[in-house]
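First comes the structure, then the notes that go with it.
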Amino acid sequence: RGRGVLRAIGVSNFTPKHLDQIIKATGVPPAVNQVEFHPHYRQPDEMYTLCHKYRILLQAYSSLGGSHNKALLTDPVVEKIAEKIKVTPAQILLRWALHVGYAVIPKSVTPEYIHSNTQLDFSLSRENIYAISLLVIQEKYAWDPVTVF
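The UniProt record's numbering numbers the first residue of the sequence shown as 1 and each following residue consecutively.
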């Protein structure tokens with residue numbers, strides 16, 4: 001970076017331990033850390049603290065639970081809120097993630113879903129945010145980076 005070769009780095013699946021290691025080794029925090037995040041799985045508090053301290057953007061993947069797991073999209077709480085607001089369960093999950101401070105990168109190959117996933121110009125009430133936040137069961141739908149160095 002000091003030689004003008006790059007402006008910023010981004011990482012994926014870095015735990016707080018991994019972030020500490022890269023910051024200590026380079027003196028430069030990553031600009032973004034892409035991690036699994038959704039109502040069923042939260043990153044540890046240490047992750048939020050560290051990312052806030054170093055101004056690292058947290059970017060959520062698997063915000064909808066992943067392509068092989070529909071548990072979030074069919075959760076009764078999420079479906080009820082979606083029905084009330086007249087949006088899709090996917091939109092509810094993405095709006096919730098944005099509300100709690102994550103950037104989101106939903107995956108889709110279907111033009112209709114791609115468009116729908118960008119239509120997040122609605123608000124969730126405090127009650128709805130709280131209800132979705134209570135869905136945490138600490139179940140990962142992607143791989144676990146804790147086992148890496």
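Here a beta-carbon is modelled for each residue, glycine too, at the ideal position from N, C-alpha and C.
Checklist entry - Helix or strand or just coil, what does DSSP make of His99? => result helix
Query raised in the report: When DSSP labels each residue in this structure, what does Glu79 get in the three-state scheme?
Result: helix
Distance, Cα to Cα, Ile85 vs Glu139? 27 Å
- Is Asn13 helix, strand or coil when you go by DSSP? coil
request  = Could you tell me which residues DSSP pairs with Leu134 in its beta bridges?
outcome  = None; Leu134 has no bridge partner.
Among Leu124, Tyr61, Phe122, Ser67, which one has its Cα closest to the Cα of Tyr102?
-> Tyr61
_Less than 9 Å between the beta carbons of Ser63 and Leu93, yes or no?_
yes
Discussion item. So the candidates are Val28, Ser116, Lys17; which of them puts its Cα closest to the Cα of Ala49?
Written reply: It is worth fixing the name first, because residue 49 is Thr in this sequence and not Ala. Here the closest residue by C-alpha is Lys17.
(request) Would you mind working out which of Tyr130, Val104, Thr147, Ile137 sits nearest Leu57, comparing C-alpha positions? (result) Val104
- Query: Opposite Val32 in the DSSP bridges: which residues?
  - Reply: Gly10, Leu57
(Q) Starting from Glu112, trace the alpha helix (DSSP H) in both directions and tell me its first and last residue. (A) 111–118
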